[in-house]
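Each remark here refers to the structure printed beneath this line.
Residue numbers (this note's numbering): 20 to 108.
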(Lines of atoms letter the chains of each structure in order from A and count residues from 1; the text may use other names and numbers.)
(Lines give C-alpha, C1' and ligand atoms only; values in the text may rest on other atoms or scores of the structure.)
Protein backbone atom coordinates (compact mmCIF):
# COMPACT_ATOMS: atom_id res chain seq x y z
CA UNK A 1 0.00 0.00 0.00
CA UNK A 2 2.82 2.41 0.85
CA UNK A 3 4.55 1.70 -2.46
CA UNK A 4 1.30 2.40 -4.31
CA UNK A 5 0.98 5.74 -2.51
CA UNK A 6 4.53 6.67 -3.52
CA UNK A 7 3.69 5.92 -7.15
CA UNK A 8 0.61 8.15 -6.96
CA UNK A 9 2.67 10.95 -5.41
CA UNK A 10 5.34 10.49 -8.08
CA UNK A 11 2.87 10.74 -10.96
CA UNK A 12 0.95 13.59 -9.33
CA UNK A 13 4.06 15.68 -8.71
CA UNK A 14 5.27 15.18 -12.27
CA UNK A 15 1.85 15.98 -13.73
CA UNK A 16 1.47 19.18 -11.70
CA UNK A 17 5.02 20.27 -12.58
CA UNK A 18 4.50 19.67 -16.32
CA UNK A 19 1.14 21.49 -16.17
CA UNK A 20 2.81 24.44 -14.43
CA UNK A 21 5.59 24.73 -17.01
CA UNK A 22 3.22 24.40 -19.98
CA UNK A 23 0.82 26.94 -18.48
CA UNK A 24 3.70 29.33 -17.79
CA UNK A 25 4.79 29.29 -21.44
CA UNK A 26 1.16 29.51 -22.59
CA UNK A 27 1.07 32.90 -20.88
CA UNK A 28 4.12 34.08 -22.81
CA UNK A 29 2.35 33.26 -26.07
CA UNK A 30 -1.04 34.67 -25.04
CA UNK A 31 0.23 37.83 -23.35
CA UNK A 32 3.46 38.86 -25.12
CA UNK A 33 3.07 42.47 -23.98
CA UNK A 34 2.26 41.73 -20.36
CA UNK A 35 1.63 43.10 -17.85
CA UNK A 36 -1.80 44.29 -18.93
CA UNK A 37 -2.89 47.24 -16.83
CA UNK A 38 -5.45 50.00 -16.64
CA UNK A 39 -4.31 52.93 -18.78
CA UNK A 40 -7.40 55.09 -18.90
CA UNK A 41 -11.04 54.96 -17.99
CA UNK A 42 -12.16 51.43 -18.93
CA UNK A 43 -9.11 51.06 -21.19
CA UNK A 44 -6.42 48.44 -20.78
CA UNK A 45 -3.04 48.30 -22.43
CA UNK A 46 0.13 46.24 -22.35
CA UNK A 47 3.69 47.43 -21.96
CA UNK A 48 3.99 47.91 -25.73
CA UNK A 49 0.96 50.20 -25.72
CA UNK A 50 -1.38 47.76 -27.45
CA UNK A 51 -4.97 48.14 -26.34
CA UNK A 52 -6.76 45.22 -24.68
CA UNK A 53 -10.33 44.44 -23.73
CA UNK A 54 -11.68 43.89 -20.25
CA UNK A 55 -11.87 40.17 -21.08
CA UNK A 56 -8.13 40.16 -21.91
CA UNK A 57 -7.40 41.85 -18.60
CA UNK A 58 -9.52 39.34 -16.68
CA UNK A 59 -7.81 36.42 -18.47
CA UNK A 60 -4.42 37.91 -17.62
CA UNK A 61 -5.39 38.22 -13.95
CA UNK A 62 -6.58 34.58 -13.87
CA UNK A 63 -3.34 33.49 -15.56
CA UNK A 64 -1.30 35.29 -12.91
CA UNK A 65 -3.34 33.85 -10.06
CA UNK A 66 -3.03 30.30 -11.36
CA UNK A 67 0.74 30.76 -11.75
CA UNK A 68 1.10 32.10 -8.22
CA UNK A 69 -0.80 29.07 -6.89
CA UNK A 70 0.62 26.33 -9.12
CA UNK A 71 4.35 27.10 -8.85
CA UNK A 72 4.66 26.63 -5.07
CA UNK A 73 2.42 23.56 -5.14
CA UNK A 74 4.43 21.90 -7.91
CA UNK A 75 7.77 22.58 -6.25
CA UNK A 76 6.44 21.43 -2.88
CA UNK A 77 5.21 18.16 -4.40
CA UNK A 78 8.53 17.61 -6.15
CA UNK A 79 10.39 18.32 -2.90
CA UNK A 80 8.25 15.83 -0.96
CA UNK A 81 8.58 13.25 -3.73
CA UNK A 82 12.38 13.56 -3.89
CA UNK A 83 12.67 13.49 -0.10
CA UNK A 84 10.66 10.26 0.02
CA UNK A 85 12.89 8.71 -2.65
CA UNK A 86 16.05 9.57 -0.67
CA UNK A 87 14.60 8.09 2.52
CA UNK A 88 13.68 4.87 0.68
CA UNK A 89 17.25 4.39 -0.58
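Every residue gets a Cβ at the ideal spot worked out from N, C-alpha and C, and that includes glycine.
Straight-line spacing of the CA atoms in residue 75 and residue 84 works out to 14 angstroms.
Less than 9 angstroms separates the beta-carbon of residue 99 from that of residue 28. Distance between residue 46 and residue 82, taken at the CA atoms: about 7 angstroms. With respect to residue 67, residue 52 sits close: the two C-beta atoms are nearer than 9 angstroms.
Residue pairing by DSSP places residue 56 opposite 64 in a beta bridge. Straight-line spacing of the CA atoms in residue 33 and residue 49 works out to 24 angstroms.
Out of 101, 88, 57, the CA that lies nearest to the CA of residue 73 is found in 57. Rounded to whole angstroms, the Cβ separation of residue 86 and residue 43 is 6 angstroms, and the two are in contact under 8 angstroms.
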